[in-house]
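2 protein chains.
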Amino acid sequence: MASAAHTVWARKVDKKAMGSRTNTVVEAIRGRIAARALVAGDRLPSIRGLAASLGVSPSTVVEAYERLAAEGLVRARPGSGVFVARTAAPLPLPASSGHAERAIDPFWVSRQALDADPGASKPGCGWLPPEWLPTDAIRRALRKAARADEATLTDYGSSHGSLPLRRLLARQFAGEGLDIGPDAILLTASGTQGLDLVCRLLLRPGDTVLVDDPCYFNFRALLAAHRVAVAGVPMTPAGPDAARFTELAAQHRPRLYVTNSAIHNPTGASLSPAVAHRILAAASQHEMTIVEDEIFSDFEPEPSPRLAALDGLERVLRIGSFSKTLSASVRCGFIAARPDWIEALRDLQIATSFSAAGPLGAAIVHELLSEGGYRRHMDALRRRLSQARRDVGERLEALGFTLWTVPRGGFNLWCELPEGRDAAALARRALEDGVVLAPGDVFSPSHGAGTFMRFNVAQMSDERVWSALASGLAPPAASGQPAARCSPPP
Amino acid sequence: MASAAHTVWARKVDKKAMGSRTNTVVEAIRGRIAARALVAGDRLPSIRGLAASLGVSPSTVVEAYERLAAEGLVRARPGSGVFVARTAAPLPLPASSGHAERAIDPFWVSRQALDADPGASKPGCGWLPPEWLPTDAIRRALRKAARADEATLTDYGSSHGSLPLRRLLARQFAGEGLDIGPDAILLTASGTQGLDLVCRLLLRPGDTVLVDDPCYFNFRALLAAHRVAVAGVPMTPAGPDAARFTELAAQHRPRLYVTNSAIHNPTGASLSPAVAHRILAAASQHEMTIVEDEIFSDFEPEPSPRLAALDGLERVLRIGSFSKTLSASVRCGFIAARPDWIEALRDLQIATSFSAAGPLGAAIVHELLSEGGYRRHMDALRRRLSQARRDVGERLEALGFTLWTVPRGGFNLWCELPEGRDAAALARRALEDGVVLAPGDVFSPSHGAGTFMRFNVAQMSDERVWSALASGLAPPAASGQPAARCSPPP
Numbered sequence: 001m002a003s004a005a006h007t008v009w010a011r012k013v014d015k016k017a018m019g020s021r022t023n024t025v026v027e028a029i030r031g032r033i034a035a036r037a038l039v040a041g042d043r044l045p046s047i048r049g050l051a052a053s054l055g056v057s058p059s060t061v062v063e064a065y066e067r068l069a070a071e072g073l074v075r076a077r078p079g080s081g082v083f084v085a086r087t088a089a090p091l092p093l094p095a096s097s098g099h100a101e102r103a104i105d106p107f108w109v110s111r112q113a114l115d116a117d118p119g120a121s122k123p124g125c126g127w128l129p130p131e132w133l134p135t136d137a138i139r140r141a142l143r144k145a146a147r148a149d150e151a152t153l154t155d156y157g158s159s160h161g162s163l164p165l166r167r168l169l170a171r172q173f174a175g176e177g178l179d180i181g182p183d184a185i186l187l188t189a190s191g192t193q194g195l196d197l198v199c200r201l202l203l204r205p206g207d208t209v210l211v212d213d214p215c216y217f218n219f220r221a222l223l224a225a226h227r228v229a230v231a232g233v234p235m236t237p238a239g240p241d242a243a244r245f246t247e248l249a250a251q252h253r254p255r256l257y258v259t260n261s262a263i264h265n266p267t268g269a270s271l272s273p274a275v276a277h278r279i280l281a282a283a284s285q286h287e288m289t290i291v292e293d294e295i296f297s298d299f300e301p302e303p304s305p306r307l308a309a310l311d312g313l314e315r316v317l318r319i320g321s322f323s324k325t326l327s328a329s330v331r332c333g334f335i336a337a338r339p340d341w342i343e344a345l346r347d348l349q350i351a352t353s354f355s356a357a358g359p360l361g362a363a364i365v366h367e368l369l370s371e372g373g374y375r376r377h378m379d380a381l382r383r384r385l386s387q388a389r390r391d392v393g394e395r396l397e398a399l400g401f402t403l404w405t406v407p408r409g410g411f412n413l414w415c416e417l418p419e420g421r422d423a424a425a426l427a428r429r430a431l432e433d434g435v436v437l438a439p440g441d442v443f444s445p446s447h448g449a450g451t452f453m454r455f456n457v458a459q460m461s462d463e464r465v466w467s468a469l470a471s472g473l474a475p476p477a478a479s480g481q482p483a484a485r486c487s488p489p490p
Numbered sequence: 491m492a493s494a495a496h497t498v499w500a501r502k503v504d505k506k507a508m509g510s511r512t513n514t515v516v517e518a519i520r521g522r523i524a525a526r527a528l529v530a531g532d533r534l535p536s537i538r539g540l541a542a543s544l545g546v547s548p549s550t551v552v553e554a555y556e557r558l559a560a561e562g563l564v565r566a567r568p569g570s571g572v573f574v575a576r577t578a579a580p581l582p583l584p585a586s587s588g589h590a591e592r593a594i595d596p597f598w599v600s601r602q603a604l605d606a607d608p609g610a611s612k613p614g615c616g617w618l619p620p621e622w623l624p625t626d627a628i629r630r631a632l633r634k635a636a637r638a639d640e641a642t643l644t645d646y647g648s649s650h651g652s653l654p655l656r657r658l659l660a661r662q663f664a665g666e667g668l669d670i671g672p673d674a675i676l677l678t679a680s681g682t683q684g685l686d687l688v689c690r691l692l693l694r695p696g697d698t699v700l701v702d703d704p705c706y707f708n709f710r711a712l713l714a715a716h717r718v719a720v721a722g723v724p725m726t727p728a729g730p731d732a733a734r735f736t737e738l739a740a741q742h743r744p745r746l747y748v749t750n751s752a753i754h755n756p757t758g759a760s761l762s763p764a765v766a767h768r769i770l771a772a773a774s775q776h777e778m779t780i781v782e783d784e785i786f787s788d789f790e791p792e793p794s795p796r797l798a799a800l801d802g803l804e805r806v807l808r809i810g811s812f813s814k815t816l817s818a819s820v821r822c823g824f825i826a827a828r829p830d831w832i833e834a835l836r837d838l839q840i841a842t843s844f845s846a847a848g849p850l851g852a853a854i855v856h857e858l859l860s861e862g863g864y865r866r867h868m869d870a871l872r873r874r875l876s877q878a879r880r881d882v883g884e885r886l887e888a889l890g891f892t893l894w895t896v897p898r899g900g901f902n903l904w905c906e907l908p909e910g911r912d913a914a915a916l917a918r919r920a921l922e923d924g925v926v927l928a929p930g931d932v933f934s935p936s937h938g939a940g941t942f943m944r945f946n947v948a949q950m951s952d953e954r955v956w957s958a959l960a961s962g963l964a965p966p967a968a969s970g971q972p973a974a975r976c977s978p979p980p
């Protein structure tokens, strides 16, 4: 992609002065290497060949190759040509840096939120603050784990993951209309790692995958790491636009659709029964597999339709974890799928993690889920979040934000900015005040959410957040440009 | 590969009777689907086209397609042709089952050992029994973790992983001549997951990777999951055969070499300084990257040469974990590499696991490594293992096994079976007696170790192991065939 763009551009400017023609060739090669169209060890085109295809003189190509060699990006092997040197960069992951300057890409929120200073406020992050989570129960579970049998303390455990935890999850799922045995469940290190295993099982580079537009930004990062093409299904408050879903399925013959059906991230939408049936029908017609990430399902006041339950795990895989409800520090997630797929996923997990969810983590999660406190914790959490969504929503509306929908649960509010405001500019500016926001485009495969923002209502008690929003909104922000800290707004 | 083989075979037998010609076509297609040369949604060749290329009649192809359709493997779309149905199997991972019948493939030992009955003996497994590990210290560390700050109990932690643990590791590495800062270290969920991230960063499907022959079987499984070609470097007691390494590097231009340099798995070989320098020189000449898995380094009486230390992390990445020395249940490993690679690996880890090593696991490992008990534990473990290697070695030699080398540390002994005995047959037979062995070919990319076996000296106190070995060796085992439990030996 990058390389193609560079080549086109090269063709355009080949009438320019010698110096810039050389730059053009240098940039064309650099672009191809950055895009991994050329990788370490690949031979570069012959000098005459490239000169002809770019419409420049051979001497221009020679000069360009010499400049690239001086940078160590390529090296000449006498007699055998010019080769790309060892400089493999991951593709198509964007070049990354932890700093504010990094692009507003799918990693922007993760990196800013995970690596924020201890003092930072993180209304853009996707998790609850410790004081909203059952820390006393976690301490009790750790003290109980300290008394576990020796094997739980030291062994890898089974390749399926803890049987008691899988049995408990199977009982939970049965209560939601998904009647499966523990052999249809594989424990993983996280929901993300579960989705990664599923992608490794079902996808090949170049496949097309449908996601919601907007969707959880890390779906975009993960699918990019799998080198697949992504098409976005517009979201409605009742779930994905089923008509567009059907069109895109016919148009792209995607192998997979990845979604959150219970309290959609970032929008807070809930799947309606009618939409669920249309999605499943289209998936069946076009032989697609669906991954339903249910990480927010326990935040629902009452369960919404579940693709996995309606489909009975025929073509739907369900993934989830306990990072939002209990602890993100105890790494444990799961995949529920057809036992024949679980069987293949077990091997993939051994190959890539040897054993993903350790017995200790599984024992801690099992203890937290089975003690009666979990239900009380979630009831209290839902009440507290419902109040927080109301209060924060009103305060955002007072600042001129518009709620896209009123979510029935969870901690995210998806809001449109006041007229003319740019979410990326606001996020960059807020970062200077130690406030990490989640600008809409990180969630949007079509980059169509530049005027939207996702807010985590549980992370907005710090008044710095509100002053950063107020000052960021006051002037029409210069689109895309981070405002300089000390210069007065234009 | 599989598909090609099938096609060749098809060409050979096209003069046979109609029925078997149809089988031939069916097997050819089945092979291509199994080999993922054809995947869900792909269109099958036209009937006339395939008939011509296989030298059979169109009606034979029609019958074959109908049979495959009846199996649900393909489906015809009126007007548009015949397509592969949704049956994506992971490739090139072998089809798997937890049962004894499964092939002696790189997953054989992992699955048999991880999923063995509680009562089974596992001299084939690659870890220590709980009673050899510091369970009391782990219990103390868990009780201390129960008093940790709230963020450690519930947060994802930084995308780099716990800074205190990275600082501690950096100090350890400095003591081994590898002078790096904590920013050159990324915490992962395990050594395997660290290697997986490195492969994702540096490899593309179709690349060639060098491994040792024999090597840790899961290197083979992981590289297969990355769809790369593997070439094996013969091992010597002083490390890989440097001359062959150099030849293979020139011949295959591999991107990566993956090895254990400290107490090689499975052979117990130790890298000599001379070999280390020749390997690094060849890697530099051919622009290869090296991954040095040091999971057994703390088992060495004194450190052997380290590629990472000699190279200063220029082209070597070091990975490791605490699964062999402390606990495999607390999932925590690391990658030490150039900071620019670590930066890209952090994004890859976010994309594929969001956060791999949770703060709790890192805090537990940090506590176990920093309390003075760790040195005492490892000193005692090395003494105990040294005695066990002597005792088990003598007993194996009494049964007719030959030690390939005398390892200077660790718990593995790599042994050749008595004349004429087949390791796979012995392993299958022992499994019937509840004894999990590690037959040589699971470690060998060239399948050249069919008469070798890896023994874990810490897992052989159960007399059933010895009686299974004795009875398995008594008769010349029928090569490759599992001996039937009740039938007398031939």
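If you read the sequences in order, they're chains A and B.
FYI, the numbering used here numbers position 74 of the first sequence as 74, with every residue one higher than the one before it.
FYI, the numbering used here numbers position 125 of the second sequence as 615, with every residue one higher than the one before it.
Idealized CB from N, CA, C, for every residue including glycine.
For residue i and residue j, which I take to be in contact (beta-carbon distance under 8 Å), what is that distance rounded to the nearest angstrom?
| i | j | result |
| --- | --- | --- |
| B/LEU643 | A/ILE138 | 5 Å |
| A/HIS226 | A/LEU186 | So it is not a contact: roughly 19 Å between Cβ atoms. |
| A/VAL457 | A/ALA388 | 4 Å |
| B/ALA766 | B/GLY729 | 7 Å |
| B/GLY899 | B/ARG872 | 6 Å |
| B/LEU558 | B/VAL551 | Between B/VAL551 and B/LEU558 the Cβ distance is about 10 Å, and since that is not below 8 Å, they are no contact. |
| B/ASP697 | B/VAL718 | 5 Å |
| B/ILE594 | B/PRO929 | 6 Å |
By Cβ distance, which residues of its chain are closer than 6 Å to residue i, with the 5 residues on each side in sequence left out?
| i | result |
| --- | --- |
| B/PRO829 | ASP673 and ALA674 |
| A/HIS286 | ALA249 |
| B/ALA560 | none |
| A/ALA484 | Legend: pLDDT at A/ALA484 = 38, less than 50; position of this residue unreliable, value from coordinates given subsequently. Cβ within range, chain order: n/a, list empty. |
| B/PRO763 | PRO795 |
| B/SER760 | SER794 and ARG898 |
| A/MET235 | ASP212, THR267 and ALA269 |
Counting only the same chain and skipping the five closest in sequence on each side, list residues whose C-beta sits under 7 Å from that of residue i.
| i | result |
| --- | --- |
| A/GLY119 | GLY434 |
| B/SER860 | LEU658 |
Near residue i, what residues of its chain come up, given a Cβ to Cβ distance below 8 Å and the 5 sequence neighbours on each side ignored?
| i | result |
| --- | --- |
| A/THR87 | At A/THR87 the pLDDT is 48, less than 50, meaning the model places this residue with poor confidence; the figure from the coordinates comes in the next sentence. Excluding positions up to five away in sequence, the list reads ILE33, ALA40, GLY72 and LEU73. |
Handout entry: Sufficient close CB pairs (3 or more, under 8 Å) joining the stretch 137-150 of chain A to the stretch 626-643 of chain B
Key = These segments touch.
Handout entry: Members of the stretch 640-662 of chain B that neighbour chain A once the beta carbon cut-off is set at 9 Å
Key = GLU640, ALA641, THR642, LEU643, THR644, ASP645, TYR646, GLY647, SER648, SER649 and HIS650
Exercise for the section: Output, in sequence order along the chain, the residues in the stretch 104-121 of chain A whose CB is closer than 7 Å to any CB in chain B. Expected result: Only those residues of the stretch 104-121 of chain A whose C-beta falls short of 7 Å from the nearest C-beta of chain B are listed: PHE107, SER110, ARG111, LEU114 and ASP115.
Handout entry: beta strand (DSSP E) runs contained entirely in the stretch 145-212 of chain A, provided each spans 3 or more residues
Key = 185-188
Handout entry: Cβ pair count under 8 Å reaching 3, the stretch 310-328 of chain A against the stretch 277-297 of chain A
Key = With a cut-off of 8 Å, the stretch 277-297 of chain A and the stretch 310-328 of chain A count as touching, because enough Cβ pairs lie within range.
Practice task
Evaluate the contact criterion for the stretch 604-623 of chain B versus the stretch 910-927 of chain B: three or more CB pairs, one atom per stretch, below 8 Å.
Solution key: yes
Exercise for the section: May I have a chain-ordered list of the alpha helix (DSSP H) segments no shorter than 4 residues that lie completely inside the stretch 713-763 of chain B? Expected result: 732-742
Handout entry: Residues within the stretch 355-380 of chain A neighbouring chain B, beta-carbon criterion of under 8 Å
Key = SER355, ALA356, ALA357, GLY358, PRO359, LEU360 and GLY361
Problem - Given 8 Å, three or more beta-carbon pairs between the stretch 412-424 of chain A and the stretch 389-401 of chain A - result: yes
Practice task
Mind listing, in chain order, the continuous alpha helix (DSSP H) runs of no fewer than 4 residues lying wholly within the stretch 407-484 of chain A?
Solution key: Taken in chain order, the complete alpha helix (DSSP H) segments of 4 or more residues contained in the stretch 407-484 of chain A are 423-432 and 463-473.
Problem - the stretch 705-722 of chain B contacting the stretch 932-952 of chain B, beta-carbon criterion three pairs below 8 Å - result: yes
Handout entry: beta strand (DSSP E) segments (min. 3 residues) lying fully within the stretch 762-800 of chain B
Key = Considered as a whole, the stretch 762-800 of chain B harbours 779-783 as its complete beta strand (DSSP E) runs of no fewer than 3 residues, in chain order.
Handout entry: Complete alpha helix (DSSP H) runs within the stretch 18-74 of chain A (minimum length 4 residues, chain order)
Key = 18-34, 47-54 and 58-70
Practice task
Name, going along the chain, the residues of the stretch 927-938 of chain B whose beta-carbon falls closer than 8 Å to a beta-carbon of chain A.
Solution key: none
Problem - Residues from the stretch 622-633 of chain B in contact with chain A, defined by Cβ distance under 9 Å - result: TRP622, LEU623, PRO624, THR625, ILE628, ARG629, ARG630, ALA631, LEU632 and ARG633
Handout entry: chain A contacts made by the stretch 728-760 of chain B, where a contact means CB separation under 7 Å
Key = Flagged, chain order: ARG743 and ARG745.
Practice task
Evaluate contact between the stretch 326-341 of chain A and the stretch 170-184 of chain A, counting only Cβ atoms and requiring at least three cross-stretch pairs below 8 Å.
Solution key: yes
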